[in-house]
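Below: the structure, in structure tokens.
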Amino acid sequence: VALKGMHWLQDNGFVMHVAGRTVWGDTDAQSRSGYEALFAEQGFDIDAQNPEHTLLFPEMDETVEVPEITTSCWNILNKSPDDVMCSSSRMVVKYKGSENLSVLACTLLPYDDQFNLGETLEEAEQAVKLNHPHCAKFCILGGATCSS
1 VALKGMHWLQ DNGFVMHVAG RTVWGDTDAQ SRSGYEALFA EQGFDIDAQN
51 PEHTLLFPEM DETVEVPEIT TSCWNILNKS PDDVMCSSSR MVVKYKGSEN
101 LSVLACTLLP YDDQFNLGET LEEAEQAVKL NHPHCAKFCI LGGATCSS
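Next comes the structure, spelled out in structure tokens:
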């Protein structure tokens, strides 16, 4: 289904960038090579070697402890919660088997209900609590942004 949607986007003139995940034990080069082969096989004009066109996230291990981000931490890091993508961006998805769309705050946590903000963009206009371990590890401390 994802590939079908990507073909539609390409056929209709959209420029595509991809966010994906690496596989445990694979190097960045191995992962990019795999994406490059997929893109070539599908005829997609996406540069798998360019991190701005193919953004790769490591596998996420929820058993690894991460530090809690306090108000003081934000100041030390010279960051604001408003800088994090989920404070202003949303992703609309349709889950397999569901009749309705869902609006999510985070592309990394599509199955965590606390980041499912409802069925409409209007419902999704709400503050997002950055209380998941991946918020600290990837977005705040790691500086990740899916919109890169």
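Going letter by letter, the sequence shown gives residues 1 to 148 in my numbering.
We put the CB at the ideal spot given by N, CA and C, even for glycine.
None of these values were measured; they are calculated from a predicted model.
Out of Asn78, Cys106, His53, which one is the CA nearest neighbour of Cys135? Cys106
When the Cα of Val23 is compared with those of Pro51, Glu59, Leu77, which residue comes out closest? Glu59
Report the option in Gln42, Phe14, Asn100, Ala127 whose CA atom is closest to the CA atom of Ser89. Ala127
Looking only at DSSP bridge pairs, what is Arg21 linked to? Phe57
Here's a check: name, in chain order, each residue in its chain whose Cβ is nearer than 8 angstroms to the Cβ of His17, leaving out the five neighbours to either side. Ile46, Glu52, His53, Thr54, Leu55
Would you mind stating whether Phe57 and Ala48 have Cβ atoms separated by less than 7 angstroms? no
DSSP beta-bridge partners of Leu104: Met91, Asn116
Whose C-alpha, out of Lys129, Leu101, Gln114, is nearest the C-alpha of Asp82? Lys129
Can you give me the Cβ contacts of Ala124 inside the same chain, cut-off strictly under 7 angstroms, excluding the 5 residues immediately before and after it? Arg90, Val103, Leu117, Gly118
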